[in-house]
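Colleague: For the sequence shown, position 106 (counting from the first letter as 1) is numbered 108 according to the numbering used here, and the numbering increases by one without interruption.
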Amino acid sequence: MSNSKAIKKAVLPVAGLGTRFLPASKAIPKEMLPIVDTPLVEFAVREAVEAGIEEIIFITSHTKRPIEDHFKRNQELETQLLSSDKKDYLDRINLKEYEGVKFSFIRQRDQKGLGDAVLQASHLINPDEYFAILLADDLFDGTPGITSQLLSAFESHQRSIIAINEVTDEETKKYGVIDGEIISENLTMIKEIVEKPQSNPPSNLAVTGRYLLKGSILESLKTIKPGFGNEIQLTDAISMLLKEDEVFGLKYKAEKFDCGSREGFIKANIHFARKQKIII
Ligand code: G1P
3 MSNSKAIKKA
13 VLPVAGLGTR
23 FLPASKAIPK
33 EMLPIVDTPL
43 VEFAVREAVE
53 AGIEEIIFIT
63 SHTKRPIEDH
73 FKRNQELETQ
83 LLSSDKKDYL
93 DRINLKEYEG
103 VKFSFIRQRD
113 QKGLGDAVLQ
123 ASHLINPDEY
133 FAILLADDLF
143 DGTPGITSQL
153 LSAFESHQRS
163 IIAINEVTDE
173 ETKKYGVIDG
183 EIISENLTMI
193 KEIVEKPQSN
203 PPSNLAVTGR
213 YLLKGSILES
223 LKTIKPGFGN
233 EIQLTDAISM
243 LLKEDEVFGL
253 KYKAEKFDCG
263 SREGFIKANI
273 HFARKQKIII
């Protein structure tokens with residue numbers, strides 16, 4: 003059996019307020035806004051499932067109920083589609099790929115940052131178990147998906163590994179930024195990681211929203227103090243992990259859309275609409 007099969011769980015933090023998408027995100031979670039006809043969050047879920055993940059753990063808030071509903075069956079709609087000769091649509095709401103996949107929902111009490119969101123899943127993940135984190139705002143078009151690409155690299159190294167990409171000097175302020183030793187064309191052994199450096203970034207290699215991390219990171223998350231933006235930062239816990247273990251950065255092969263911004267969200271819609279030949 004391939005070792006990558008040992009990664010079965012993915013955490014998807016989806017509790018954010020989505021203020022940049024107001025008023026659209028006032029009554030609808032921004033993760034449910036569609037890219038053509040598919041909610042943004044579903045792209046990350048499909049990518050995880052494609053990579054063999056069997057349990058998706060959403061970290062939600064009380065305003066994110068539609069996400070829970072979306073990943074549950076809707077018997078009433080299914081019955082109507084079946085009886086009204088619209089059976090083709092059934093496949094759209096009942097993806098066969100989801101058979102056997104468990105969806106768990108945990109509500110985050112306060113918005114204390116990405117690290118705090120991930121920490122909410124600590125009772126579901128063992129310290130020596132590797133797990134995935136997917137930030138749905140980062141949408142990728144790549145084959146195989148980024149999580150599968152990370153898993154392939156994990157198979158060789160059996161260490162925590164995060165997706166990275168090159169950004170401009172100006173953009174380093176917006177991301178976790180790493181520095182390290184180049185191992186091969188796409189792989190870097192991380193030596194340093196800083197959350198949103200406002201000056202003197204260690205490099206132009208930014209962290210994107212896909213991680214495979216050792217479960218012990220959850221212990222670090224319990225102890226770290228608030229960092230950038232006065233929030234509990236996942237980046238700071240990864241920095242602690244670096245002291246005891248190797249962590250790799252993988253330059254992925256895919257087109258990225260930053261759907262946390264309106265510009266990226268519109269670009270993603272145009273890209274996927276063209277791909278599906280809805281527009282030329
Ligand atoms: C988070 C992480 C950051 C990472 C980014 C990728 O930031 O904290 O290190 O580079 O995701 O999208 P956020 O965009 O949630 O502020």
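No residue lacks a Cβ here, since even glycine has one placed at the ideal position from N, Cα and C.
Starting from Met242, trace the alpha helix (DSSP H) in both directions and tell me its first and last residue.
Modeller: Start and end: Leu236 to Leu243.
Colleague: Within 10 angstroms of its Cβ, does Ile164 collect 16 or more other Cβ (buried), or is it exposed?
Modeller: buried
Colleague: Quick check on the DSSP output: the alpha helix (DSSP H) that includes Glu85 runs from which residue to which?
Modeller: In the sequence on display, residue 85 carries Ser and not Glu. Gln77 to Ser85 is the span of the alpha helix (DSSP H), which, as asked, contains Ser85.
Colleague: Mark Lys216 as exposed unless 16 or more other C-beta atoms lie within 10 angstroms of its C-beta, in which case mark it buried.
Modeller: By the Cβ-count criterion, Lys216 is buried, with 16 or more other Cβ atoms from all chains shown falling within 10 Å of its own Cβ.
Colleague: Starting from Asn167, trace the beta strand (DSSP E) in both directions and tell me its first and last residue.
Modeller: DSSP places Asn167 in the uninterrupted beta strand (DSSP E) bounded by Ser162 to Glu168.
Colleague: Answer with buried or exposed for Gly231, where buried requires no fewer than 16 other C-beta atoms within 10 angstroms of its C-beta.
Modeller: The residue is exposed, with fewer than 16 neighbouring Cβ atoms inside 10 Å.
Colleague: Starting from Lys15 and walking both ways along the beta strand (DSSP E), at which residues does that stretch end?
Modeller: As written in the sequence, residue 15 is Pro, which differs from the Lys given in the question. From DSSP, the beta strand (DSSP E) with Pro15 extends over Lys11 to Pro15.
Colleague: Would the beta-carbon of Leu35 be found less than 7 Å away from any heavy atom of ligand 1?
Modeller: For Leu35, the shortest separation between its Cβ and any heavy atom of ligand 1 does not lie below 7 Å.
Colleague: For Asp93, report the span of its alpha helix (DSSP H) as first-last.
Modeller: Lys89 to Ile95
Colleague: Note down the Cα distance separating Tyr100 from Pro204, rounded to an integer number of angstroms.
Modeller: 40 Å
Colleague: Do the CB positions of Phe45 and Ser106 come within less than 8 Å of each other?
Modeller: no
Colleague: Which of the three DSSP states, helix, strand or coil, is assigned to Val38?
Modeller: coil
Colleague: Is the segment 252-272 touching the segment 132-150, taking contact as three or more C-beta pairs under 8 Å?
Modeller: A contact exists between the segment 252-272 and the segment 132-150.
Colleague: Is Arg209 a contact residue of ligand 1, with contact defined as CB to any heavy atom under 7 Å?
Modeller: Looking at the sequence itself, residue 209 is Val, so the reference to Arg does not match. Answer for Val209: yes, Cβ within range of ligand 1.
Colleague: Given a threshold of 16 other Cβ atoms within 10 Å of its Cβ, counted over all protein chains shown, does Arg276 qualify as buried or as exposed?
Modeller: exposed
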